[in-house]
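Start counting the first sequence at 2; every next residue gets the next number (the working numbering).
By construction, the Cβ of each residue, glycine as well, lies at the ideal position given by its N, Cα and C atoms.
Just below is one structure, and these are the notes that go with it.
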Amino acid sequence: MSEVITRFAPSPTGHLHLGGARTAIFNWLLARHFGGKFCLRIEDTDLLRSKQEYTDSILASMRWLGLDWDGDLIYQTKRTDLYNSYVDKLLATNHAYWCSCTAEEVEAMREKARATGQKPRYDGHCRDLGLGPGEGRCVRLRLPDSGRVSFTDLVKGPIAIDVQELDDFVIRRADGMPTYNMAVVVDDHEMGLTHIIRGDDHISNTPKQILLYQALGLEIPKFGHVPMILGKDKQKLSKRHGAKAVIEYEKDGLLPEALVNYLARLGWSHGDQELFTIDELIKYFDGTSLNPSQACFDDVKLAWCNAHVMRGLPLDALAAKVQPFVENIGLGVQPIERLIPLCQMFRERTSDLLGLAQSFRPLLVAASDLSFIDKDKNKHLTAVGRTHLTKIRDILSSLEPFEPEAINQALNDYVATNNLKFKEVAPPVRTALMGFMGGSHLHEIMAFLGRAETLARFDLAISLCQD
RNA sequence: GUCACCAUCGUCUAUCCGGUUAGGACAGCGGCCUCUCAAGCCGCCAAGACGAGUUCAAAUCUCGUUGGUGACGCCA
Numbered sequence: 002m003s004e005v006i007t008r009f010a011p012s013p014t015g016h017l018h019l020g021g022a023r024t025a026i027f028n029w030l031l032a033r034h035f036g037g038k039f040c041l042r043i044e045d046t047d048l049l050r051s052k053q054e055y056t057d058s059i060l061a062s063m064r065w066l067g068l069d070w071d072g073d074l075i076y077q078t079k080r081t082d083l084y085n086s087y088v089d090k091l092l093a094t095n096h097a098y099w100c101s102c103t104a105e106e107v108e109a110m111r112e113k114a115r116a117t118g119q120k121p122r123y124d125g126h127c128r129d130l131g132l133g134p135g136e137g138r139c140v141r142l143r144l145p146d147s148g149r150v151s152f153t154d155l156v157k158g159p160i161a162i163d164v165q166e167l168d169d170f171v172i173r174r175a176d177g178m179p180t181y182n183m184a185v186v187v188d189d190h191e192m193g194l195t196h197i198i199r200g201d202d203h204i205s206n207t208p209k210q211i212l213l214y215q216a217l218g219l220e221i222p223k224f225g226h227v228p229m230i231l232g233k234d235k236q237k238l239s240k241r242h243g244a245k246a247v248i249e250y251e252k253d254g255l256l257p258e259a260l261v262n263y264l265a266r267l268g269w270s271h272g273d274q275e276l277f278t279i280d281e282l283i284k285y286f287d288g289t290s291l292n293p294s295q296a297c298f299d300d301v302k303l304a305w306c307n308a309h310v311m312r313g314l315p316l317d318a319l320a321a322k323v324q325p326f327v328e329n330i331g332l333g334v335q336p337i338e339r340l341i342p343l344c345q346m347f348r349e350r351t352s353d354l355l356g357l358a359q360s361f362r363p364l365l366v367a368a369s370d371l372s373f374i375d376k377d378k379n380k381h382l383t384a385v386g387r388t389h390l391t392k393i394r395d396i397l398s399s400l401e402p403f404e405p406e407a408i409n410q411a412l413n414d415y416v417a418t419n420n421l422k423f424k425e426v427a428p429p430v431r432t433a434l435m436g437f438m439g440g441s442h443l444h445e446i447m448a449f450l451g452r453a454e455t456l457a458r459f460d461l462a463i464s465l466c467q468d
């Protein structure tokens, strides 16, 4: 088998969104699986809507996701001459012709067709007029009079459409720029693409592109059209339905491995396996087992995926990742060594880095800044609570060493010697330390806080106890 | 309107060329564990859109219906 070459070709008219990210992942995975090449091409021919900042943002998201590309970035706006050389070839072989119709005239044709229940299309007015460059405005492809265009889709199987359904579409605009289908075909051929996985909104472009390949006498690559991702309510994914750009997931503290795992698994499967490492995805993804039906995006499952990745990370790596989030929510620049125990205590209690950082708050602020949840405070900081807190405070003030094991032992001893149950003692202590009934094991919390801070919290809580 | 694509639990999916108590995962519910909350473990709930046909046998093949999505630009 010759080398597999795939590509991702975003247009820089917005940030990288979930759908684009998924097609990028599929193409990247296919190339990596077969040891081929994955190329990146910026389709910036829409001068009005394309912006450099979006190109930058898309590239940043690609890097964040770990989708590295081979070779140089290709910008379509820099290849106008190349496209026009192909247009000239088509003109020279009579596969294309100049058209002088105005936008208004073409629109009138469409209206007319629509009125008779036909598909709106160009009626071939200038087809045989033999217009030259001076007389024409744009260039159109001359389609065959009859026949069917068919191809075997990697995802959907055999697809065929009658050429009667198509019209002589524009391949070169009046301003000299190529249209989308023209540029895509030239680029895909020039870049040597063998496989094209894209959204199935392109399924109707494919016959047009195949006609171009045929008119140009070029080899046709394999196409695979994956269905678009739908929102929760089966509607098209839009901002209204919670569609977010990849960059936003990054800000929310998702891990790229989790997003890649989730997105790859949406519309593709490998038996019953749900969780994959990137290496496993590369190993198993061969372009088959792609699901032809639409899939709804589920951020709850994404969160589950992310939680799983977070739990599997080495603690120091997790601490390094959460560090900027801790700083961003106003908890200061904390050294990694200090974040490691926090990660250990809280990583199973949150599903993203932002949530993890937030869960650190009670342990990173001073006792005086600790905020209490009224419900827990009223319930546990009582006269009975004061008794336990006071006695335990005494024990802790002279405990040596002030370390997890010893602290835990001291608490158990207190419970045993007073003939109590742990669950009678824990609530006031927990509320004193955390401000609410949550968090990790008490001895871990105290060991992290250190003796001084622990005692300060006991003192504060004791003063808050109501009879 | 025309054309194209799609159709299994609420959601993601498995069930390779017809024969399964239709499996797994997320969510939900219940239990165990337990100092809270989680995590973990165990269990429960829950599906072949509808109608015909082919066949000994259909979720699986065929046709139709319905529903969803997409496309129909000198946007990409």
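So, using beta-carbon positions, are residue i and residue j closer together than 8 Å?
| i | j | result |
| --- | --- | --- |
| T207 | F152 | yes |
| L443 | V430 | yes |
| L470 | G200 | This structure cannot speak to residue 470, because the chain is shown only from 2 to 468. |
| A320 | L340 | yes |
| L390 | I446 | no |
| I221 | I211 | yes |
| Y87 | R128 | no |
| T432 | D377 | yes |
| L282 | F326 | no |
| A25 | F35 | no |
| E275 | W65 | no |
| P11 | E54 | no |
| L1 | K223 | Residue 1 cannot be examined here, being either before or after the span of the chain that is shown, 2 to 468. |
| L371 | G272 | no |
| D253 | A384 | no |
| R173 | C139 | yes |
| L264 | R23 | yes |
Mind checking which residues open and close the beta strand (DSSP E) that includes residue i?
| i | result |
| --- | --- |
| V140 | 139-142 |
| S151 | 149-154 |
| G225 | 223-227 |
| W99 | 97-100 |
| D377 | Run containing D377: none in the beta strand (DSSP E); it sits in the alpha helix (DSSP H), 375-381. |
| F39 | 38-43 |
| I160 | 158-163 |
With H, G and I counted as helix, E and B as strand and the rest as coil, what does DSSP make of residue i?
| i | result |
| --- | --- |
| L330 | The residue asked about is misnamed: residue 330 is Ile in this sequence, not Leu. I330 falls in the coil class under three-state DSSP. |
| D124 | coil |
| G21 | helix |
| F9 | strand |
| Q467 | strand |
| H196 | strand |
| V171 | strand |
| L219 | coil |
| L456 | helix |
| K237 | strand |
| P179 | strand |
| L66 | helix |
| L49 | coil |
| L130 | coil |
| L371 | coil |
| L74 | coil |
| L421 | coil |
Quick one: give me the first and last residue of the alpha helix (DSSP H) that residue i is part of.
| i | result |
| --- | --- |
| V385 | 384-398 |
| I204 | Per DSSP, I204 belongs to no alpha helix (DSSP H) and is neither H nor E. |
| K113 | 104-116 |
| S360 | 354-365 |
| N413 | 405-418 |
| T81 | 81-93 |
| Q345 | 337-347 |
Note down, one range per segment and in chain order, each alpha helix (DSSP H) of at least 4 residues found wholly within the segment 245-326.
247-252, 257-266, 279-285, 300-313
How do the segment 60-76 and the segment 159-178 stand: do at least 3 beta-carbon pairs fall below 8 Å, yes or no?
no
Do the segment 398-406 and the segment 414-434 touch if we need at least three Cβ pairs shorter than 8 Å?
no
Meets three-Cβ-pair contact criterion under 8 Å: the segment 157-171 and the segment 137-147:
yes
Should the segment 22-38 be regarded as contacting the segment 68-75, the criterion being three or more beta carbon pairs within less than 8 Å?
Contact between the segment 22-38 and the segment 68-75 is present, because at least three Cβ pairs lie under 8 Å.
Check whether the segment 252-261 touches the segment 289-309, taking contact to mean three or more Cβ pairs, one atom from each stretch, closer than 8 Å.
yes
Is it a yes or a no for the segment 184-194 touching the segment 121-136, going by three-plus beta-carbon pairs under 8 Å?
no
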